[in-house]
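See structure below.
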Amino acid sequence: GAQHWQKVFTAVVVLQLVGEGKIGLDAPVDAYLPGLVRGEGIDGRQITVRQLLQQTSGLPNYTEYLGEDVRYYDPRELLDIALRHEARFAPGTAWGYSNTNYVLAGLIVQKVTGRPLAEEVDQRVVQRIGLRHTYFPAPGDAAIREPHPHGYYQEGAGGPLRDITEMDPSWGWAAGQMISTNSDLNRFFTALLAGRLLPAAQLAQMRATVPAGHPFASGARYGLGLVSTPLSCGGVYWGHGGSIPGYETRGGVTDDGRAASVAVTAQPTDKAAMSRVERVVDTALCR
Numbered sequence: 019g020a021q022h023w024q025k026v027f028t029a030v031v032v033l034q035l036v037g038e039g040k041i042g043l044d045a046p047v048d049a050y051l052p053g054l055v056r057g058e059g060i061d062g063r064q065i066t067v068r069q070l071l072q073q074t075s076g077l078p079n080y081t082e083y084l085g086e087d088v089r090y091y092d093p094r095e096l097l098d099i100a101l102r103h104e105a106r107f108a109p110g111t112a113w114g115y116s117n118t119n120y121v122l123a124g125l126i127v128q129k130v131t132g133r134p135l136a137e138e139v140d141q142r143v144v145q146r147i148g149l150r151h152t153y154f155p156a157p158g159d160a161a162i163r164e165p166h167p168h169g170y171y172q173e174g175a176g177g178p179l180r181d182i183t184e185m186d187p188s189w190g191w192a193a194g195q196m197i198s199t200n201s202d203l204n205r206f207f208t209a210l211l212a213g214r215l216l217p218a219a220q221l222a223q224m225r226a227t228v229p230a231g232h233p234f235a236s237g238a239r240y241g242l243g244l245v246s247t248p249l250s251c252g253g254v255y256w257g258h259g260g261s262i263p264g265y266e267t268r269g270g271v272t273d274d275g276r277a278a279s280v281a282v283t284a285q286p287t288d289k290a291a292m293s294r295v296e297r298v299v300d301t302a303l304c305r
């Protein structure tokens, strides 16, 4: 399913462009999108590209305000929805998960390359490491191309399960619109941590973390799109779990690059179910 692990794909493209001298990690968002990011306590001149990728910008999360409307959204619309709300905190003073950060990162990629984000991700990541089942759906294309598990969404504990497999995923865009498979994600995280997608300097920046909060496991730390999660056997694994209604992914790669594991389930609605998913990953990686 379309997942928040896509943030790592978007972050990789941004960091490749940093390595090419086309984007400055500590440059303000306004250097690339002048005047676009303004609102109550919000100013794109005060927010850096690094803060977008690290989730320390303080920008409101548009997904909290979308409601039940599952139509196609343009990225600018998603941004407009977010900017109607006030900043959560001053840039760089705290950590707070917001999909808005990655919509802006995607818009910056398009601005500096002059090409659609989907094409840049496809050329720079998907084709480069041979991911055969990873793609962006076309606008308005809710159907998933290949045989796939159905996603079910439960509104709160005890609510009815709704099959929402064919929900239009455009509301995720740069933050989580792509479709992929377990084997492709394993291949992606393994290649990334092995240094096959980024120069050493940019991979090191990606792995420089700050403490993360909800929705990640306790002890999790957030880099530039990458999350490190502690393992019961010591050390950490690197990845980026994600959930959209109906699907859940967890997993990644240990520091030595040997193990990769991704769990995809009907979306667990309570903490106990979530920690069971986390335990499955931990067991697989600690074998």
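Taking the numbering used here, I'd label the letters of the sequence shown as residues 19 to 305. Positions of the beta carbon are idealized from the N, C-alpha and C atoms, including for glycine.
Where THR272 falls, given that 16 or more other Cβ within 10 Å makes a residue buried: One-based indexing of the sequence shown puts residue 272 at position 254. Buried: at least 16 other Cβ atoms inside 10 Å.
Candidates ARG294, THR227, ALA49 and PHE27, of which the one nearest LYS129 by Cα: The count along the sequence shown starts at 1 and reaches residue 129 at position 111. Measuring from the Cα of LYS129, the nearest candidate turns out to be ALA49.
Spatial distance of THR152 from GLN145 (CA atoms): Here the question's residue 152 lines up with position 134 in the sequence shown. Here the question's residue 145 lines up with position 127 in the sequence shown. Whole-angstrom Cα-Cα distance: 10 angstroms.
GLY176 classed as buried or exposed, judged by whether at least 16 other C-beta atoms fall within 10 angstroms: Here residue 176 refers to the residue found at position 158 when the sequence shown is read from its first residue. With a pLDDT of 48 at GLY176, under the threshold of 50, the modelled position of that residue is not reliable, and the figure given next carries that caveat. Exposed is the call here.
Residues near LEU125 in its chain [Cβ-Cβ closer than 7 angstroms; skip 5 each side]: Mapped onto the sequence shown, residue 125 falls at position 107. Correct list, in chain order: LEU51 and PRO93.
Alpha-carbon spacing of ILE99 relative to ALA105, whole angstroms: In the sequence shown, the residue the question calls residue 99 occupies position 81. In the sequence shown, the residue the question calls residue 105 occupies position 87. Their Cα atoms are separated by approximately 13 angstroms.
Same chain, Cβ closer than 7 angstroms to GLU296, neighbours up to 5 away in sequence not counted: The residue given as residue 296 occupies position 278 in the sequence shown. These residues qualify, in order along the chain: ALA235 and ARG268.
Check: THR74 C-beta below 7 angstroms from any heavy atom of the ligand FMN: This structure simply doesn't include the ligand FMN, nor any ligand for that matter.
Test item: CB-CB of HIS13 and LYS25 under 8 angstroms: Outside the displayed range of the chain (19 to 305) lies residue 13, so it cannot be described from this structure.
Whole-angstrom distance between ASN204 and CYS304, CA atom to CA atom: Within the sequence shown, numbered from 1, the residue matching residue 304 stands at position 286. Within the sequence shown, numbered from 1, the residue matching residue 204 stands at position 186. If you take the alpha carbons of CYS304 and ASN204, they lie about 16 angstroms apart.
Check whether THR28 and LEU77 have beta carbons under 8 angstroms apart: The residue you call residue 28 lines up with position 10 of the sequence shown. The residue you call residue 77 lines up with position 59 of the sequence shown. No.
Simplified DSSP assignment, three categories, for THR227: The residue labelled residue 227 in the question sits at position 209 within the sequence shown. Coil, per DSSP.
C-beta contact flag for LEU242 and LEU71 at 8 angstroms: The residue labelled residue 242 in the question sits at position 224 within the sequence shown. The residue labelled residue 71 in the question sits at position 53 within the sequence shown. For LEU242 and LEU71, yes; Cβs fall inside 8 angstroms.
Cα-Cα separation, LEU135 to VAL127: Numbered from its first residue, the sequence shown carries residue 135 at position 117. Numbered from its first residue, the sequence shown carries residue 127 at position 109. Going by the C-alpha atoms only, they are around 6 angstroms apart.
Top-ranked residue by Cα proximity to ASP61, from ARG68, ALA45 and GLY53: Position 43 of the sequence shown, counted from the first residue, corresponds to residue 61. If we check each option's Cα against that of ASP61, GLY53 comes out closest.
Beta strand (DSSP E) segment containing TYR120, residue limits: As a working mapping, residue 120 is identified with position 102 in the sequence shown. No beta strand (DSSP E) holds TYR120; the alpha helix (DSSP H) holding it covers 117-131.
Nearest-angstrom beta carbon gap, VAL228 and TRP113 [assumed within contact, 8 angstroms]: Reading the sequence shown from its first residue, position 95 is the one you call residue 113. Reading the sequence shown from its first residue, position 210 is the one you call residue 228. Correct: roughly 6 angstroms between the Cβ atoms.
VAL26: first and last residue of the uninterrupted alpha helix (DSSP H) it sits in: Here residue 26 is taken as the residue at index 8 of the sequence shown, counted from 1. 24-37 is the span of the alpha helix (DSSP H), which, as asked, contains VAL26.
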